[in-house]
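Count along the sequence shown from 1, add 41, and you get the number used in the numbering used here.
All C-beta atoms in this analysis are idealised placements derived from N, C-alpha and C, irrespective of residue type, glycine included.
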Amino acid sequence: MRADAIAYYEKVLIGARSAFADLGLDAELKDISERAGVGMGTIYRHFGNKDGVIAHVIQEAREDINNSVAAAKEADVPPLDRLRNCLTLSLDSVERYGWVIEALLGRRLPRDIQAEIENDRTLGEAVLSILEELVADGTLRKDLDLPLAALLIQSVVLAWIFDRSREEHDAAEAVDRILDIFLNGARA
Numbered sequence: 042m043r044a045d046a047i048a049y050y051e052k053v054l055i056g057a058r059s060a061f062a063d064l065g066l067d068a069e070l071k072d073i074s075e076r077a078g079v080g081m082g083t084i085y086r087h088f089g090n091k092d093g094v095i096a097h098v099i100q101e102a103r104e105d106i107n108n109s110v111a112a113a114k115e116a117d118v119p120p121l122d123r124l125r126n127c128l129t130l131s132l133d134s135v136e137r138y139g140w141v142i143e144a145l146l147g148r149r150l151p152r153d154i155q156a157e158i159e160n161d162r163t164l165g166e167a168v169l170s171i172l173e174e175l176v177a178d179g180t181l182r183k184d185l186d187l188p189l190a191a192l193l194i195q196s197v198v199l200a201w202i203f204d205r206s207r208e209e210h211d212a213a214e215a216v217d218r219i220l221d222i223f224l225n226g227a228r229a
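Structure, rendered in structure tokens:
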């Protein structure tokens with residue numbers, strides 16, 4: 042792509058992120074065009090239609106979230122700190138990309154994108170792997186149902202979307218409080 046085409050492409054993505062963050066999937070191409078400062082033709086040329094824009098923005102969001110989770114999982118810190126980091130980064134992502142999760146829950150995404158996200162196990166596998174380490178090092182009980190525990194911990198992300206305490210606590214503080222409750226019942 043030429044330099045000017047790349048610049049317009051980036052402008053469209055910036056406009057789309059802004060429009061979707063404010064309006065969710067109700068954002069129209071006109072909203073994106075106005076926020077990007079480009080004509081509608083530019084959007085059609087680069088993305089084809091609204092679903093094309095949605096696909097690119099969501100792919101970008103998924104890569105951002107999955108890269109953050111992978112980095113947190115692989116960090117050279119104790120497993121419990123890695124678990125905290127994974128969850129904190131996930132809650133921070135909800136702040137940036139909450140409209141994606143709301144659209145996912147409302148089954149409003151294009152079918153192929155909906156299926157890709159529903160089948161993405163990056164966070165679940167990271168949480169499960171860390172829980173296995175916590176059992177192995179004696180932090181958690183050996184009889185703990187790890188897949189169920191991982192699911193419980195991941196559900197924090199969904200609860201965060203609808204919880205008014207987001208206004209009172211930041212993500213790290215919420216994760217600490219939730220993990221304290223979990224650990225009270227799961228410690229070895």
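Linking VAL94 to ILE154 through their CA atoms gives a straight-line distance of about 12 angstroms. Here the C-alpha atom of GLU208 lies approximately 21 angstroms from the C-alpha atom of PHE61. Around the Cβ of ASN108, a 10 Å sphere holds fewer than 16 other Cβ atoms; the residue is exposed. Under the three-state reduction of DSSP output, LEU181 falls in the strand class.
Under the three-state reduction of DSSP, ARG43 is assigned to coil, being neither helix nor strand.
According to the DSSP assignment, ALA213 belongs to the alpha helix (DSSP H) that extends over 212-227. Here the region 71-90 does not lie against the region 147-166, with fewer than 3 beta-carbon pairs under 8 angstroms apart. Straight across, the Cα-Cα distance linking LEU150 with ALA144 is about 6 angstroms. For the pair of segments examined, the region 106-121 was found to touch the region 129-143: the number of CB pairs separated by less than 8 angstroms reaches three. If you ignore the 5 residues before and after ASP72, its C-beta comes within less than 7 angstroms of the C-beta of ALA60 and LEU64, all in its own chain and listed in chain order. Under the three-state reduction of DSSP, ASP186 is assigned to coil, being neither helix nor strand. Using a Cβ distance threshold of 7 angstroms, TRP201 and VAL141 do not count as a contacting pair. Scanning the region 53-134 from its first residue to its last, the whole alpha helix (DSSP H) runs of 4-plus residues come out as 70-77, 81-88 and 91-115.
In summary, ALA48 is exposed, with fewer than 16 beta-carbon neighbours lying within 10 Å of its beta-carbon over all protein chains present. Shown here, GLY147 sits in coil according to DSSP, grouped into three states, outside any helix or strand. Contact annotation: GLU174 and PRO120 have beta-carbon atoms nearer than 7 angstroms.
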